[in-house]
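First up is the structure itself, then whatever we jot down about it.
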Amino acid sequence: MQHQDADIVIVGGGGAGLRAAIAAAEHARKEGIEQRILMLSKVYPMRSHTVAAEGGAAAVTSEEDTLEAHFEDTVAGSDWLAEQGVVDYFIRHAHRELVQLERWGCPWSRKPDGSIQVRRFGGMKTARTWFAADKTGFHILHTLFQTSLKYPEIERLDEYFVLDVATVGGEVAGVIALQVATGELIALRAKSVIIATGGAGRLFQFNTNAGIVTGDGMAMAFRHGVALRDMEFVQYHPTGLPGTGILITEACRGEGGLLLNKDGYRYLQDYGLGPETPLGEPKNKYMELGPRDKLSQAFWQEQKAGRTGKFADSDVVYLDLRHLGKAYLHERLPFICELAQAYINVDPVTEPIPIRPAVHYTMGGIETDAQCETSLKGLYAAGECASVGLHGANRLGSNSLSELLVFGRLAGEQASQRATATAYADIESLQQQVQDQEKQVARLREANGSETWVGLKREMVQAMEDGCGIYRDEQGMQRALDTIRELKSRYQDIKLSDRSRIYNTELLQCIELGFGLDIAEATCLAALGRRESRGAHQRLDEGLQERDDINFLQHSLVFFNVDAPAQLRWQDVDTRFSAPAVRAYGDAGKGA
Amino acid sequence: MTTKRLSIQRYLPEQSKTPFWQEFEVPFDDSTSILEALNHIKEDMDGSLSYRWSCRMAICGSCGVMVNGEPKLGCKSFLREYPGTISIEPLAHFPVQKDLIIDMEIFLEHLAAVQPYLINDSQDSNQTHKQTPAQLAKYLTFSDCINCGLCYSACPQFGLNPEFLGPAALTLAHRYNLDSRDQGKAQRMVQLNREEGVWTCTFVGYCSEVCPKSVDPAAAVNQGKVESAKDLLINLFKR
Ligand SMILES: Cc1cc2nc3c(=O)[nH]c(=O)nc-3n(C[C@H](O)[C@H](O)[C@H](O)COP(=O)(O)OP(=O)(O)OC[C@H]3O[C@@H](n4cnc5c(N)ncnc54)[C@H](O)[C@@H]3O)c2cc1C
Ligand code: SF4
Ligand code: FES
Chain B
598 MQHQDADIVI
608 VGGGGAGLRA
618 AIAAAEHARK
628 EGIEQRILML
638 SKVYPMRSHT
648 VAAEGGAAAV
658 TSEEDTLEAH
668 FEDTVAGSDW
678 LAEQGVVDYF
688 IRHAHRELVQ
698 LERWGCPWSR
708 KPDGSIQVRR
718 FGGMKTARTW
728 FAADKTGFHI
738 LHTLFQTSLK
748 YPEIERLDEY
758 FVLDVATVGG
768 EVAGVIALQV
778 ATGELIALRA
788 KSVIIATGGA
798 GRLFQFNTNA
808 GIVTGDGMAM
818 AFRHGVALRD
828 MEFVQYHPTG
838 LPGTGILITE
848 ACRGEGGLLL
858 NKDGYRYLQD
868 YGLGPETPLG
878 EPKNKYMELG
888 PRDKLSQAFW
898 QEQKAGRTGK
908 FADSDVVYLD
918 LRHLGKAYLH
928 ERLPFICELA
938 QAYINVDPVT
948 EPIPIRPAVH
958 YTMGGIETDA
968 QCETSLKGLY
978 AAGECASVGL
988 HGANRLGSNS
998 LSELLVFGRL
1008 AGEQASQRAT
1018 ATAYADIESL
1028 QQQVQDQEKQ
1038 VARLREANGS
1048 ETWVGLKREM
1058 VQAMEDGCGI
1068 YRDEQGMQRA
1078 LDTIRELKSR
1088 YQDIKLSDRS
1098 RIYNTELLQC
1108 IELGFGLDIA
1118 EATCLAALGR
1128 RESRGAHQRL
1138 DEGLQERDDI
1148 NFLQHSLVFF
1158 NVDAPAQLRW
1168 QDVDTRFSAP
1178 AVRAYGDAGK
1188 GA
Chain H
326 MTTKRLSIQR
336 YLPEQSKTPF
346 WQEFEVPFDD
356 STSILEALNH
366 IKEDMDGSLS
376 YRWSCRMAIC
386 GSCGVMVNGE
396 PKLGCKSFLR
406 EYPGTISIEP
416 LAHFPVQKDL
426 IIDMEIFLEH
436 LAAVQPYLIN
446 DSQDSNQTHK
456 QTPAQLAKYL
466 TFSDCINCGL
476 CYSACPQFGL
486 NPEFLGPAAL
496 TLAHRYNLDS
506 RDQGKAQRMV
516 QLNREEGVWT
526 CTFVGYCSEV
536 CPKSVDPAAA
546 VNQGKVESAK
556 DLLINLFKR
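So the sequence lines, in the order shown, correspond to chains B and H.
Quick note: the first sequence uses the working numbering, first residue 598, plus one each step.
Quick note: the second sequence uses the working numbering, first residue 326, plus one each step.
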């Protein structure tokens, strides 16, 4: 059995993982200690899904903007389910992180005088979103990756698939990983482990996420008794391309794009987001710059009313950018022009882009405290896989790239700190766990049942789309939960067609599906339990269509059980600065 | 739905050391990409087919393959563009590990070799640098590289000598050399001036033709040659 030791192991090489790695290295240097930092990723770091983020990263920047305003927007955006102490920490540290990226070479878009340019984003009172054209995530990820090469103490194991975290005596002891190129298992003993594995958008059929966004890390923590928090809140982005789900960034609307129904009417004014703003004068929190949950819900209503158009098999509305002109579009939104042309053969300069909502972001995740540590000592989580408490019931666009940086850094520093004062766990116990994993993987590779991962996956994504969509009701969610539980038992009877060791991608997809089913169950359970409507969780059931602060100003927590169904509990929300108020946009939200 | 024939080069090292060809008939419409066709084969026809992919939107750089002998991103090439049977092979000039999966390590080594990060003496400031749109425009296109490796498959020199730093790494070096915030050019020129640096390039220009992100690595390498010539000349006089 192969084995290696590292003070800090980081699972995931996206924005959060890379930021954590650099922070840990810096921290150790500052303390004058030597630490080995090992980053594992199932794909090369620059393939991580952070690369696909388009629009930008938020931080209070301009003279007129205030920290209070960013705080209020985030808390109202969360429908008061954010942890307010965490939001406070976030808004105070976001700017410094974006500056840090600039110091590392990120090609942020600039004003003529050479200072940073910001753009408007939905749900934000004012323009505070830093951007690098419409490839912000791409530039952030490559800047972080390239900067990480400066630090010899950061070592990488690229294309290593982490199967499980190892624990000894109720504390984290390392991770167990599979080297994709060989199929060999390896034990990595560590004093601290950071999970930074990203979201779980691939639980749903129609989504903006990359194929690797399967929620692995969430399931690993969950299976070790760490709670998954607020999993019922799944963000639908209002503007995905029909067919593929490829994202058309919100920055299009920030730059002045219009949303039209099939009659060319700006329907958002009918959904509490008006009055209509004049062409070329986008206004924060009005119309197209309302928050994502409201916009996706408006689509659903228009679809029901028969006012959506058709593109191939999809019902669509239209994003009109034509008035912005070719030169401006090619400067500010070049990637969008490229994507629309390549994937649906539409030139945004001359034609409106057909779009529809698609699952985009997992608000919930691995429960951590405000320092990114989970209930399992020594295990940290950061980025989209984590629920540090920033997003509550609805995430504001451009808050999450900043989150990766602010909390990636914090997790890295905390993990490094812990590693200075902790010893490695006993290796024998770790090796036992690796042998157990080895048996499980071998069993799966040879599995010869009657189900295929493809069949089960298709049923899972369909069930989640049907039961946990933009609007939900009791029956639909119950059906989804029943289906997921049935799929979990059928998963035991799976069959693989590829029995090889080298690059057995079928085996990995099968393991990812196993992770996915656990999280899907948690999502359904939390959704059923939340008998109110809040943020991204909107119920059609009689009497449950409004927010209910008396009973549900609470986080949901789902706990895993080995031989029994998972269990739902509730947790108080930190509302120390701002008491829940009505969440209003457009003129109705004036002064808010 | 109409179908199209894909002929795929397979390589299953645990079974045989020789690659073989296998044909699949896949349904397609106007929007079906090569990647979607591969996914269809994997999910519905042959679960052992192995290839890399992730974003399916031409930004993560995972899915490079040879399509009818040309390096392409699978997710940004469409079946409709090819009449007749389409041949799919792993990217040329890289060692193959399994089916369409190549060994990328050498590519990553080359990237790391050019010190692709800002080098300057202004430590720990909490202020942003000023950089005008014109200064940004100098290097911005060269920073758009998604590390897909297509240009290495297009480059005959890399095919002959994998030690050649190659188009993407040289472009990345150039990107940082052109950045108004950077002072590391002297350090990077050491790599560029080497025999495996810019001078290996014979200016075929095919790299820029195949680049899916219009990065124009050939231009970067050429500009790098001018810089290297200057640098070598200066060093000569210094001696
Ligand atoms: C299309 C799109 C556009 C977006 N645009 C914006 C935007 O404009 N602004 C904004 O703020 N947010 C945006 N977001 C959200 C934001 O990009 C993501 O929340 C964020 O990038 C997630 O980063 P991460 O580091 O947590 O995870 P990721 O970047 O997804 O990285 C996860 C890492 O974990 C690794 N991993 C996963 N499982 C395993 C395993 N089992 N073993 C080993 N490694 C594993 C992966 O290899 C990867 O390296 C967007 C999201 C999408 C989908
Ligand atoms: S320069 Fe172009 S072809 Fe070469 S790796 Fe970069 S994106 Fe790919
Ligand atoms: S799958 Fe990401 S570039 Fe093709």
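Every residue, glycine too, gets a C-beta built ideally from N, C-alpha and C.
The beta carbons of Val777/B and Tyr1100/B sit about 6 angstroms from each other, so the pair counts as a contact at 8 angstroms. Under the 8 angstroms Cβ criterion, the region 623 to 639 of chain B does not count as touching the region 904 to 914 of chain B, having fewer than three qualifying pairs. The continuous alpha helix (DSSP H) containing Pro542/H extends over residues 542 to 563.
Per the coordinates, the alpha-carbon of Thr846/B lies some 19 angstroms from the alpha-carbon of Leu876/B.
Look at Phe432/H here: in three-state DSSP terms it is helix.
For Ala955/B, the three-state secondary structure derived from DSSP is strand. Between the C-alpha atoms of Ser412/H and Ser373/H there is a straight-line separation of about 18 angstroms. Excluding the 5 residues flanking it on each side, Tyr641/B has same chain C-beta neighbours closer than 6 angstroms at Asp755, in chain order.
Annotated three-state conformation of Arg1173/B is coil, per DSSP. Of the candidates Val657/B, Ser893/B, Gly962/B, Arg904/B, the residue whose Cα lies closest to the Cα of Lys722/B is Val657/B. Not one heavy atom of ligand 2 is found less than 7 angstroms from the C-beta of Pro704/B. Cβ contact annotation for Ala1044/B (same chain, cutoff 6 angstroms, sequence separation greater than five): Ile1091, Lys1092, Leu1093, in chain order. Selection Pro537/H, Ser358/H, Ala511/H evaluated against Ile559/H yields Ala511/H as nearest (Cα-Cα). In this structure Gly851/B is in contact with Arg716/B, their Cβ atoms being roughly 5 angstroms apart against a cut-off of 8 angstroms. Within chain H, no residue has its beta carbon less than 9 angstroms from that of Phe1112/B; the closest one is some 17 angstroms off. Under the DSSP definition of a beta bridge, Arg335/H partners with Phe345/H. In this structure, the beta-carbon distance from Cys982/B to Ile791/B does not fall below 8 angstroms.
Per DSSP, Glu756/B lies in no beta strand (DSSP E) segment and is marked neither H nor E. Per DSSP, the beta bridge partners of Trp1167/B are Ser1153/B. Between the alpha carbons of Tyr442/H and Leu490/H lies a gap of roughly 17 angstroms. A direct Cα-Cα distance of roughly 27 angstroms separates Gly610/B from Pro396/H.
In chain order, Leu490, Ala494, Gln516 place their CB closer than 7 angstroms to the CB of Ala438/H, counting only its own chain and leaving out the 5 sequence neighbours on each side. Under DSSP, Ile411/H shares a beta bridge with Leu331/H. Counting of Cβ neighbours within 10 angstroms places Val1003/B among the buried residues, the total reaching 16 or more. At least one CB atom of chain H sits nearer than 8 angstroms to the CB of Met643/B.
Secondary structure note for Leu398/H: its beta strand (DSSP E) is the uninterrupted segment 395 to 398. When rounded, the separation of the alpha-carbon atoms in Trp701/B and Lys367/H is 41 angstroms. Your pair Pro949/B and Arg919/B checks out as a contact, with CB atoms roughly 7 angstroms apart and the cut at 8 angstroms.
Within the same chain, Cβ atoms closer than 7 angstroms to the Cβ of Cys536/H are found at Leu475, Cys476, Pro542, the five residues on either side in sequence being excluded. Phe528/H is the residue among Gln508/H, Cys480/H, Phe528/H, His365/H whose C-alpha sits nearest the C-alpha of Ala544/H. With a beta-carbon spacing of about 11 angstroms, Ile773/B and Val608/B fall beyond the 8 angstroms limit used to define contacts. Every alpha helix (DSSP H) of 4 residues or more that sits fully in the region 870 to 932 of chain B is shown, in chain order, as 889 to 901, 923 to 929. Below the 7 angstroms Cβ cutoff, chain B contributes Glu699 as neighbours of His454/H, in chain order. Proximity of Asp541/H to chain B, defined by a Cβ-Cβ separation below 8 angstroms, is not satisfied. The DSSP-derived three-state label of Ile843/B is coil. In terms of side-chain proximity, the C-beta atom of Gly399/H is found nearer than 7 angstroms to a non-hydrogen atom of ligand 3.
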